[in-house]
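**Q**
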Amino acid sequence: MENDILLEADHIQMTFPQKGGELHVLDDISLTLRKKEFVCVIGPSGSGKSTLVRILGGLLEPTGGKLVYPDGKEPEPRAVVFQNSNLLPWLHTVDNVALPLLVHGVPKNQALAEAEKWLDLFGLGGFAGEWPNNLSGGMAQRVAIARALIQKPQLLLMDEPLGALDAMTREQISLELMAFRERIDATVLMVTHSISEALLLSDRILIYSGRPARIIDEMKVPFPRPRKPELRDTLEFINMSKIVRKKIFERESES
Amino acid sequence: MKRSENKLSKAKWIPPLSIFAGLCVWELFVKFSKYPAFILPAPSRIAQRFVSASKAGILWPNVWVTFYEVLLGLLIGCAAALVIGYILAHSPVAEKIVFPYVVVSQAVPLAAIAPLLIIWFGSGIRPKIVICALTVFFPLLINILVGYRELENNLSDLFTSMKAGRWARLKYLEFPGILPVLLGGLRISATLSVIGAVVGELSGADAGLGYLINIARGQYDTALVFVALIMLMIIALAMYGSVIFLEKKMIVWTEERD
Ligand SMILES: Nc1ncnc2c1ncn2[C@@H]1O[C@H](COP(=O)(O)OP(=O)(O)O)[C@@H](O)[C@H]1O
Ligand SMILES: [Mg+2]
Chain A
92 MENDILLEAD HIQMTFPQKG GELHVLDDIS LTLRKKEFVC VIGPSGSGKS TLVRILGGLL
152 EPTGGKLVYP DGKEPEPRAV VFQNSNLLPW LHTVDNVALP LLVHGVPKNQ ALAEAEKWLD
212 LFGLGGFAGE WPNNLSGGMA QRVAIARALI QKPQLLLMDE PLGALDAMTR EQISLELMAF
272 RERIDATVLM VTHSISEALL LSDRILIYSG RPARIIDEMK VPFPRPRKPE LRDTLEFINM
332 SKIVRKKIFE RESES
Chain B
112 MKRSENKLSK AKWIPPLSIF AGLCVWELFV KFSKYPAFIL PAPSRIAQRF VSASKAGILW
172 PNVWVTFYEV LLGLLIGCAA ALVIGYILAH SPVAEKIVFP YVVVSQAVPL AAIAPLLIIW
232 FGSGIRPKIV ICALTVFFPL LINILVGYRE LENNLSDLFT SMKAGRWARL KYLEFPGILP
292 VLLGGLRISA TLSVIGAVVG ELSGADAGLG YLINIARGQY DTALVFVALI MLMIIALAMY
352 GSVIFLEKKM IVWTEERD
């Protein structure tokens, strides 16, 4: 029987040791990621969203609860796009994109050819030989996304990938991401602050409470795929945004 | 006003001119003060002594001995610091065990242990190589550990998420990541190691520039002492210059913009 669940987080808790006590960051997080699903997480800052991404990415062991893989094996590869672009300053842009392949012993010319293909897709073909510190924030984040996608991940985790960018760049990249969404079949979990980004990209939105965090609400995003940028101007989209916003702020005023 | 000052500060001919002027002042001072040459020889006299010592074959063999000690000591100290630094950076327990010794070593005056090393290793070049290696080893080890500590956790997370092996981590993350701090440390240690070699030679040797200084001093051949000193300076500058060259060749990426 084909199982369509990729990963389940089962009552995950996370407590960090701290001077004079403990910092209880994740209270009780349970969630299910289905194969090829795009899920967005929205929540106040400091509520442990990055912590959750690190746990799901296998970078941090939770202090309570566990991750369950119904298929019996961990999703491989698992790519992470971090909150800052996290490019290696000593590698040219193209080598940064090729890094996941190089690290696993793919021959250099083959890895670089593949990386250039990805740079072209993001309109960065002309910047292959540039140092990361010479790239703008938007370019750097595109390179980081390309570096994640080149791994053909089964699970793609993105931690506010557009959070540090100006509104224009942000919108542009989110449209690019939407286009990619139709082409790759990774399961994606993305943390974001932007309701319209979440509605445009995701199949499901999880709403996070303040610290210690729980998932307080979950909404299906009903828009059919493939989606178009014009979707944002429709009445349904605007109404949906209102509903999500209301849910976030209702909860905040309650607590 | 400001502009002309800027122009002057960029002029390449000022430093050599300054040295030349200094030498002239020295020459004239000796000429008019009439100090005997064994107290303060004039630059011209030192130059003559350089030529005669070269011809007599007492200069260059000693230069090479010291150079060889410094170079070998530097290489050994550097290699040891790299290997041990790698191990300590990857094993917090090992670091806890070794670190007190590193701290204590910083408080040991090298000149004071040179006689000990000569007791242990004889009066040949071996104790000098050991002193050079030690002079280089500890500061470099500290720099390597600092470099590792400054490597961003985020970057380490990236490699973990890619399931990168040890070798890939070393090649793409750790080595280039600590390289600036490493070479910065090497720049200082390279000149320090010359001091190490001379200290070793002064405490007992049968060759090297320190040995030459001892001999010349005994004969009141002060000009020869100066010749040896200048050769030592040249060795130190050559070491320093080589490290700068390595920095230019190896650190080619653009550092942080702001
Ligand atoms: N390794 C850690 N050790 C101690 N505290 C941590 C650690 N990682 C995160 N925290 C703390 O956990 C809280 C949640 O952080 P984070 O997951 O980055 O939140 P968010 O991404 O939602 O803004 C913060 O207060 C942060 O200081
Ligand atoms: Mg965060």
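If you read the protein sequences in the order shown, they are chains A and B. According to my numbering, the first sequence holds residues 92 to 346 in order. According to my numbering, the second sequence holds residues 112 to 369 in order. C-beta: ideal position from N, C-alpha, C; glycine also. Bear in mind the structure is a predicted one, so any value in this text is a computation, not a measurement.
Where does the unbroken beta strand (DSSP E) through A/Glu99 begin, and where does it stop?
**A** 96 to 109 is the span of the beta strand (DSSP E), which, as asked, contains A/Glu99.
**Q** Work out the CA separation of A/Pro166 and B/Met361 for me, nearest whole Å.
**A** Distance between the alpha carbons of B/Met361 and A/Pro166: 38 angstroms.
**Q** For ligand 2, is there a heavy atom less than 7 angstroms away from the beta-carbon of A/Glu128?
**A** No, the beta carbon of A/Glu128 sits no closer than 7 angstroms to any heavy atom of ligand 2.
**Q** Taking 7 angstroms as the line, does the beta carbon of A/Ser141 fall inside it for any heavy atom of ligand 2?
**A** At least one heavy atom of ligand 2 is nearer than 7 angstroms to the Cβ of A/Ser141, so yes.
**Q** From this set, B/Ile355, B/Pro154, B/Phe143, which residue's C-alpha is nearest B/Phe131's C-alpha?
**A** For B/Phe131, the nearest C-alpha among the options comes from B/Pro154.
**Q** Output, in chain order, the set of chain A residues within a Cβ distance shorter than 7 angstroms of B/Glu358.
**A** Going along chain A, no residue has its Cβ under 7 angstroms from B/Glu358, so there is no contact; the nearest lies around 13 angstroms.
**Q** Is the beta carbon of A/Ser138 within less than 7 angstroms of some heavy atom of ligand 1?
**A** Checking the Cβ of A/Ser138 against ligand 1 gives yes.
**Q** So, helix, strand or coil for B/Ile169, using DSSP?
**A** Coil.
**Q** Tell me, to the nearest whole angstrom, how far the beta carbon of B/Ala308 is from that of B/Gly319; I am working on the premise that it is less than 8 angstroms.
**A** About 7 angstroms; that satisfies the 8 angstroms criterion.
**Q** Alpha helix (DSSP H) containing A/Val197: first to last residue?
**A** Element bounds for A/Val197: n/a, residue is neither H nor E.
**Q** Take A/Ile334 as the anchor and find which of A/Leu253, A/Gly301, A/Ile296, A/Leu210 has the nearest alpha-carbon.
**A** The shortest Cα separation from A/Ile334 among A/Leu253, A/Gly301, A/Ile296, A/Leu210 belongs to A/Ile296.
**Q** Going by DSSP, which residues form a beta bridge with B/Arg277?
**A** Looking at the DSSP assignment, B/Arg277 forms no beta bridge with any residue, so it has no partner.
**Q** Taking the continuous beta strand (DSSP E) assigned at B/Phe131, which residues delimit it?
**A** Element bounds for B/Phe131: not the beta strand (DSSP E) but the alpha helix (DSSP H), 125 to 144.
**Q** Using only CA atoms, which one of B/Ile240, B/Tyr259, B/Trp137 lies nearest to B/Val195?
**A** The sequence shown places Ile at residue 195 of chain B, not Val. B/Ile195 has its Cα closest to that of B/Tyr259, out of B/Ile240, B/Tyr259, B/Trp137.
**Q** Bridge partners of A/His115, per DSSP?
**A** Bridge partners of A/His115: A/Thr106.
**Q** For A/Gln242, which residues from the same chain have a beta carbon less than 6 angstroms from its beta carbon, with the 5 sequence-adjacent residues on both sides left out?
**A** Closer than 6 angstroms at Cβ, skipping near neighbours: Pro168, Ala170, Pro191.
**Q** Taking Cβ-Cβ distances below 7 angstroms as the criterion, which residues of the stretch 195 to 224 of chain A are in contact with chain B?
**A** Correct list: Trp222, Asn224.
**Q** Are A/Leu178 and A/Val144 close, meaning C-beta to C-beta below 8 angstroms?
**A** Not closer than 8 angstroms, so no.
**Q** Judging by CA-CA distance, which residue of A/Asp119, A/Gln263, A/Gly156 is the nearest neighbour of A/Gly139?
**A** That would be A/Asp119, whose Cα lies nearest to the Cα of A/Gly139.
**Q** Can you tell me whether DSSP reads A/Ser121 as helix, strand or coil?
**A** A/Ser121 falls in the strand class under three-state DSSP.
**Q** Quick one: does B/Tyr283 have its CB under 8 angstroms from some CB of chain A?
**A** Yes - at least one Cβ of chain A is within 8 angstroms of the one on B/Tyr283.
**Q** What residues in its chain sit with their C-beta under 8 angstroms from that of B/Glu138, if we drop five residues either side in the sequence?
**A** Result list for B/Glu138: Ala153, Pro154, Ser155, in chain order.
**Q** Could you give the uninterrupted runs of the beta strand (DSSP E) lying entirely in the stretch 290 to 336 of chain A, keeping only those of 3 residues or more?
**A** List check, beta strand (DSSP E) in window: 295 to 299, 304 to 311.
**Q** Please report the straight-line C-alpha distance between A/Pro135 and A/Asp250, rounded to a whole angstrom.
**A** Computed Cα separation, rounded: 13 angstroms.
**Q** Of the choices B/Trp278, B/Pro287, B/Tyr179, whose alpha-carbon is the least far from that of B/Arg237?
**A** Cα-wise, what sits closest to B/Arg237 is B/Tyr179.
**Q** In the DSSP assignment, what are the bridge partners of A/Cys131?
**A** Paired residues: A/Met281, A/Ile296.
**Q** Is it buried or exposed for B/Met112, if we count other Cβ within 10 angstroms and need 16 for buried?
**A** Any reading at B/Met112 must be qualified, since the residue scores a pLDDT of 48, below 50, and its modelled position is unreliable; the value itself is stated next. Burial call: exposed.
**Q** Any heavy atom of ligand 1 closer than 7 angstroms to the Cβ of A/Gly111?
**A** Because no heavy atom of ligand 1 lies under 7 angstroms away, the Cβ of A/Gly111 does not count as near it: no.
**Q** Between the stretch 274 to 294 of chain A and the stretch 213 to 225 of chain A, can you find at least three pairs of beta-carbon atoms closer than 8 angstroms?
**A** Not touching, per the Cβ criterion.
**Q** When DSSP labels each residue in this structure, what does B/Val219 get in the three-state scheme?
**A** Three-state DSSP puts B/Val219 in coil, outside helix and strand.
**Q** What number of angstroms, rounded off, separates the C-alpha of A/Pro315 from the C-alpha of B/Leu262?
**A** Taking the straight line joining both Cα atoms gives about 44 angstroms.
**Q** Report back the beta-carbon spacing between A/Leu185 and A/Leu210 to the nearest angstrom; my notes put them in contact at under 8 angstroms.
**A** This sequence places Val at residue 185 of chain A; Leu is not what is there. Contact flag correct, Cβ pair sits at about 6 angstroms.
**Q** What number of angstroms, rounded off, separates the C-alpha of A/Ser293 from the C-alpha of A/Ser265?
**A** If you take the alpha carbons of A/Ser293 and A/Ser265, they lie about 11 angstroms apart.
**Q** For a test of your reading of the model: does the CB of B/Val363 fall under 7 angstroms from any non-hydrogen atom of ligand 1? Yes or no.
**A** Incorrect: B/Val363 has no Cβ contact closer than 7 angstroms to ligand 1.
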